[in-house]
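Line order of the protein sequences matches chains A and B.
So the mapping is simple: my numbering equals the position in the first sequence, first residue as 1, plus 1040.
So the mapping is simple: my numbering equals the position in the second sequence, first residue as 1, plus 1040.
Idealized CB from N, CA, C, for every residue including glycine.
There are 2 protein chains.
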Amino acid sequence: MVFLGNEESSSNFKENHYPFRQDSNFLYFFGLDLPGLSAVIDTDENLEVIFGDDTKIEDEVWFGSRLSVSDLAHRVGVMQVKPKDGLIKYVHSSKHKTIHILPPFRPENERKIAACLQVKVPEVSTKISETFIKAVVAIRSVKSGEEINEINEAVNLTANIHKMLMKGAQSGMIEYELVGLAVGKAVSSGGRASFPPIITINGQILHNHNYSNRLEDGKMVLIDFGAETAMHYAGDITRTIPVGDKFSNRQKDVYTIVSNAHSEAIAALKPGVKFFDVHLLACKKLAEGLKDLGLMKGSPEDAVMEGAHALFFQCGLGHMMGLDVHDMEDLGEQYVGYTDQIRKSSQFGLKSLRLGRELEEGFIITVEPGLYFIPQLMDSWQGKGLFKDFINYDKLKQFRNFGGIRIEDDFEITNNGSRLLGEPLAFDILGVEAFRR
Amino acid sequence: MVFLGNEESSSNFKENHYPFRQDSNFLYFFGLDLPGLSAVIDTDENLEVIFGDDTKIEDEVWFGSRLSVSDLAHRVGVMQVKPKDGLIKYVHSSKHKTIHILPPFRPENERKIAACLQVKVPEVSTKISETFIKAVVAIRSVKSGEEINEINEAVNLTANIHKMLMKGAQSGMIEYELVGLAVGKAVSSGGRASFPPIITINGQILHNHNYSNRLEDGKMVLIDFGAETAMHYAGDITRTIPVGDKFSNRQKDVYTIVSNAHSEAIAALKPGVKFFDVHLLACKKLAEGLKDLGLMKGSPEDAVMEGAHALFFQCGLGHMMGLDVHDMEDLGEQYVGYTDQIRKSSQFGLKSLRLGRELEEGFIITVEPGLYFIPQLMDSWQGKGLFKDFINYDKLKQFRNFGGIRIEDDFEITNNGSRLLGEPLAFDILGVEAFRR
């Protein structure tokens, strides 16, 4: 089994690096948070080897001294070390053995695998080991007590940063001012952002990384931010707040629908329940609320079955979280969120649900229902005449520029239900408005 | 001439991106700050083409709408657009022409070039166009008035962040608290850090990115931080401050040497002067000061000629600055900082001088002398018996844990001298101490 650590990544020239982020699988199994390392677990020889090069005196002038690879390896219980380029030789000389490889997501690591296996880069994707992926997913999916404590830390830090933003957002600010506050606080706490922040008055754009809009009274700000601790465990929380001190009545109406779906979904979390079903439950709750609001019509259950609600909720209810905010996404959603029995749907909306499988004790997941009013999508569906029996397109015109609302928290699946991670952060209307005064 | 824009870079899984940073050459010539674009200037056909794919409605749900590639291209005066994968075809079908390629510094772009030229990846480095590099360097080295204004903005933002840190640093803080303040403020101002901050009590480590040390009275903090504006022009300033409210006498002694070298180097800046000579001037000034302090002996001039001062000043006096903090470093230091006539030295110290060529009006450069007391290097040189006639190793023992001091500012080369960029930020001892009260 080959584990490739990450290299430094360049931004605008080779030596101008982005903050180093170790590969999460390497971090999980070998714990060393430095670039240029890789490792092998050789079950035939009952051997683990870490590959890496020691720093030279010239490097130490520039980057300081660090422990030798040998000392680093010993600290994590690995007794054998070899030079960095020894990995290719090791894998070559193991040609009679089965070589297990995880899917690379950085081009330089894809190239290393190609060199190890002596294949061309485009062939690498055919050499990935499904057995290896499934084994890693099985181990990493169930979090240990230490991991849960660390994730709890990440969620607490995340919640504190949210509080700061929920208090600090002011009319006239530009979105990037809030982004800077959030990112700065994460770094000042010894961590970093666990993903590119989504902090926007255009909450309907699901992964919005444009931060140039001005906050104006009457608008809402959707804040989807997560911090990762120094150990690289992630938090991930979303709140949607009014720019002024109160939500408008229309905002309250939509907010309440999302909030109810959030609560209902949380109440349904327990081992043995399929997250796919929790997602559908939340969707039904959203559809019922939208029907009460006059935006949908007909049977909410049928609407959800056919996918009509996905005009307003285009994505999934949540995902696994751990060393990655979308935990193990590099290994493939079909392995992390689904099983051979429960496969991902191709229906619009459901196909973006990252997690569908049965929940187990020790899983850490997010719950994040939302309602998103996307003019392009409304026009596209109405133009195609889609779901006319379920969607009241006329009434919907009034909500064209409404924006989007999401509420997200993080949960541990316990033996009989779930536990909110981190100190509770208000998500009810009054609780959110209390931050704004 | 082929210009490759950058792609998104992944941190811990494919879709978890670092903040997008466009390739600076692409940005300079085509101005479009989006991933997935490339361009060709075809001088045979008198044609410019931008290659890129329009977003689909599905993408817009996730990332919002953006202008079509055609509209984007027209905004920057390019009339012809083709799909992203059209680049390879275009270059293939131009096989009878000379294809000019710049050196790639990201592995995915290296692979794109290999595909364009139908060569293997390791051969790409042999296909780089020196003519193209030299032409780009000639254009980008001399900054326009608009560029200088933008760089001035970047330096002002940088100086303001320094002021915040120079006031805000407190005994008991951990270095990353200051890093968070700096990075957060850069983002809150619509920019970002122009390079990984060096904010450390171990100023002797030249590129230190470990931020886990605690600030203690008696120590100094070296703060080397630069902000880049939304247009991606960089600033780069270094100050070294006492953790307490005053420098110790020994710190003052060393600080004064660096400060004098800084002033002397600045006074020497003007068109026609070789920066190599300004570097040597600063080195001589440092060596003279170290001799007065009893750490060096013999002729300072001879010491610098032979490289003995490099025990304390291991790096160069400065570098070009522009869209990159080390401007155009991706194109190669030998082209940016040197000429066919003035070549880089291989002597320790001088080989790290990024800029040696004659200064010209419109160049933007940094001046950053320093003194760094690196125990490993002291031990190594003393062990080898190096420069015993110039270095007083006995006396040096007292400075073993001194740390490092650097002072850095940014300058425009004018028609008869130089102009400090940004509002002046005190670097004299009293001026720095004034921030600490």
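For this session: Could you name the residues of the same chain whose beta carbon sits closer than 8 Å to that of Ser1480(A), not counting the 5 residues immediately before and after it, in chain order?
Result: Look at the range of chain A in this structure, 1041 to 1477, and you will see that residue 1480(A) is not part of it.
Problem set entry | Status (buried if at least 16 other CB within 10 Å, exposed otherwise) for Thr1198(A) | As a first step, residue 1198(A) must be located in the first sequence, where it is residue number 158. Classification of Thr1198(A): buried, given that the 10 Å Cβ count is 16 or more.
Exercise. What residues from chain B crowd round Asp1364(A), counting only those whose CB sits closer than 8 Å?
Worked result: As a working note, residue 1364(A) is residue 324 in the first sequence. Here the neighbours are Asn1052, Phe1053 and Asn1056.
Problem set entry | Counted within 10 angstroms of its Cβ, other Cβ atoms place Met1368(A) as buried (16 or more) or exposed | Numbered from 1 along the first sequence, position 328 holds the residue referred to as residue 1368(A). Buried, because 16 or more other Cβ atoms sit within 10 Å of the Cβ of Met1368(A).
For this session: May I ask you to list, following chain order, the residues of the stretch 1092-1125 of chain B that have a beta carbon less than 8 Å from some beta carbon of chain A?
Result: Ile1097, Glu1100, Val1101, Trp1102, Phe1103, Gly1104 and Ser1105
Exercise. So with Cβ pairs under 8 Å, would you call Pro1059(B) a contact of chain C?
Worked result: Among the chains of the structure shown, chain C does not appear; the protein chains present are A and B.
For this session: Given a cut-off of 8 Å, decide if Phe1315(B) and Ala1405(B) are closer than it, judged by their beta-carbon atoms.
Result: Counting from one through the second sequence, the residue named residue 1405(B) turns up at place 365. Counting from one through the second sequence, the residue named residue 1315(B) turns up at place 275. Correcting the residue type first, residue 1405(B) is Ile in the shown sequence and not Ala. In this structure, Phe1315(B) lies closer than 8 Å to Ile1405(B) by Cβ.
Exercise. Taking only beta-carbon atoms, is Val1223(A) less than 8 Å away from chain B?
Worked result: Position 183 of the first sequence, counted from the first residue, corresponds to residue 1223(A). Chain B, which has a Cβ nearer than 8 Å to the Cβ of Val1223(A), makes this yes.
Problem set entry | Cross-strand partners of Gly1410(A) (DSSP beta bridge) | Working through the first sequence from its first residue, we reach residue 1410(A) at position 370. In DSSP, Gly1410(A) forms a bridge with Arg1446(A).
Exercise. Can you find at least 3 beta carbon pairs, one from the stretch 1144-1164 of chain B and one from the stretch 1344-1357 of chain B, that sit closer than 8 Å?
Worked result: no
Exercise. Is Arg1180(A) buried or exposed, if buried means 16 or more other CB atoms sit within 10 Å of its CB?
Worked result: Residue numbering aside, residue 1180(A) sits at position 140 when the first sequence is read from its first letter. Result: buried.
Exercise. Whose Cβ in chain A lies nearer than 7 Å to the Cβ of Pro1035(B)?
Worked result: Not covered by the structure: residue 1035(B). The range shown for chain B is 1041 to 1477.
For this session: Could you tell me whether the stretch 1439-1449 of chain B touches the stretch 1399-1414 of chain B, using the rule of 3 or more Cβ pairs below 8 Å?
Result: yes
Problem set entry | His1247(B) at chain A interface by Cβ criterion, 8 Å | Stepping through the second sequence from its first residue, residue 1247(B) is reached at position 207. It does: the Cβ of His1247(B) has a partner Cβ on chain A nearer than 8 Å.
Problem set entry | Interface partners of Tyr1433(B) on chain A, CB under 7 Å | Reading the second sequence from its first residue, position 393 is the one you call residue 1433(B). Those within 7 Å of Tyr1433(B) in chain A number zero; the least Cβ separation is about 17 Å.
Exercise. For Asn1052(A) versus Asp1449(B), is the C-beta spacing smaller than 8 Å?
Worked result: To locate residue 1052(A), count along the first sequence from 1; it is residue 12. To locate residue 1449(B), count along the second sequence from 1; it is residue 409. Their beta carbons are not under 8 Å apart, which means Asn1052(A) does not touch Asp1449(B) by this criterion.
Exercise. What are the boundary residues of the beta strand (DSSP E) that includes Ile1005(A)?
Worked result: This structure cannot settle anything about residue 1005(A), because the visible part of chain A is limited to 1041 through 1477.
For this session: Can you grab the Cα-Cα spacing for the pair Gly1224(B) / Thr1280(B), in whole Å?
Result: Taking the first residue of the second sequence as position 1, residue 1224(B) is located at position 184. Taking the first residue of the second sequence as position 1, residue 1280(B) is located at position 240. Roughly 21 Å separates the two Cα atoms.
For this session: Output the distance between the C-alpha atoms of Asn1195(B) and Ile1277(B), rounded to the nearest integer angstrom.
Result: Counted from its first residue, the second sequence places residue 1195(B) at position 155. Counted from its first residue, the second sequence places residue 1277(B) at position 237. It should be noted that the sequence gives Val, not Asn, for residue 1195(B). Rounded to whole angstroms, Val1195(B) to Ile1277(B) spans 8 Å at the Cα level.
Exercise. Does the beta-carbon of Ser1184(B) have 16 or more other beta-carbons within 10 angstroms, so that it is buried, or is it exposed?
Worked result: The count along the second sequence starts at 1 and reaches residue 1184(B) at position 144. It counts as exposed.
For this session: Give the DSSP bridge partners of Ala1178(A), in chain order.
Result: Working through the first sequence from its first residue, we reach residue 1178(A) at position 138. In the DSSP output, where bridge partners are listed per residue, Ala1178(A) has none listed.
Exercise. Whose Cβ in chain A lies nearer than 8 Å to the Cβ of Val1227(B)?
Worked result: As a working note, residue 1227(B) is residue 187 in the second sequence. What Val1227(B) touches in chain A: Tyr1216, Val1219, Gly1220, Val1223 and Gly1224.
Exercise. Per the contact definition of three or more C-beta pairs closer than 8 Å, is the stretch 1089-1105 of chain A in contact with the stretch 1246-1253 of chain B?
Worked result: yes
For this session: Flag this pair as touching only if the stretch 1371-1382 of chain B and the stretch 1157-1177 of chain B have three or more C-beta atom pairs under 8 Å; answer yes or no.
Result: yes
For this session: Could you check the C-alpha separation between Arg1061(A) and Asp1342(B) for me, to the nearest Å?
Result: Within the first sequence, numbered from 1, the residue matching residue 1061(A) stands at position 21. Within the second sequence, numbered from 1, the residue matching residue 1342(B) stands at position 302. Answer to the nearest angstrom: the Cα atoms are 45 Å apart.
For this session: Locate the beta strand (DSSP E) running through Ser1385(A), then write down its first and last residues.
Result: The residue given as residue 1385(A) occupies position 345 in the first sequence. Ser1385(A) -> no beta strand (DSSP E), and no H or E assigned at all.
Exercise. Which same chain residues, not among the five before or five after Asn1200(B), have their C-beta less than 6 Å away from its C-beta?
Worked result: Start at 1 with the first residue of the second sequence, and residue 1200(B) comes out as number 160. The answer is none, since no qualifying residue turns up.
Exercise. Quick one: what does DSSP say Gln1374(A) is sitting in, helix, strand or coil?
Worked result: Start at 1 with the first residue of the first sequence, and residue 1374(A) comes out as number 334. Correct three-state label for Gln1374(A): helix.
Problem set entry | CA nearest to the CA of Thr1083(B), picked from Asp1063(B), Lys1054(B), Arg1115(B) and Val1042(B) | Against the second sequence, residue 1083(B) aligns to sequence position 43. Checking every option, the nearest Cα to that of Thr1083(B) belongs to Val1042(B).
Exercise. What are the partner residues of Arg1459(A), as DSSP defines its beta bridges?
Worked result: One-based indexing of the first sequence puts residue 1459(A) at position 419. The partner list for Arg1459(A) (beta bridge, DSSP) reads Glu1452(A).
Exercise. On the three-state DSSP scale, how would you describe Glu1098(A)?
Worked result: For the purposes of this step, residue 1098(A) is taken as residue 58 along the first sequence, with counting starting at 1. Glu1098(A): helix per DSSP, three-state reduction.
Problem set entry | Bridge partners - Met1336(A), DSSP secondary structure assignment | Along the first sequence, one-based indexing puts residue 1336(A) at 296. Beta-bridge pairing links Met1336(A) to Ile1431(A).
For this session: At 8 Å on the CB atoms, spell out the chain A contacts of Asp1370(B), in chain order.
Result: Within the second sequence, numbered from 1, the residue matching residue 1370(B) stands at position 330. Here the neighbours are Asn1052, Phe1053 and Lys1054.
For this session: Counting only the same chain and skipping the five closest in sequence on each side, list residues whose C-beta sits under 7 Å from that of Gln1291(A).
Result: As a position in the first sequence, residue 1291(A) is number 251, starting the count at 1. Cβ neighbours of Gln1291(A) beyond the five flanking positions: Met1260 and Pro1282.
For this session: Give the DSSP bridge partners of Met1260(A), in chain order.
Result: Taking the first sequence and counting its residues from 1, the one referred to as residue 1260(A) is at position 220. Its beta-bridge partners are Pro1282(A).
Exercise. Where Ile1188(A) and Val1161(A) are concerned, what is the direct C-alpha to C-alpha distance, given to the nearest angstrom?
Worked result: What you label residue 1188(A) is simply residue 148 of the first sequence in a count that begins at 1. What you label residue 1161(A) is simply residue 121 of the first sequence in a count that begins at 1. If you take the alpha carbons of Ile1188(A) and Val1161(A), they lie about 38 Å apart.
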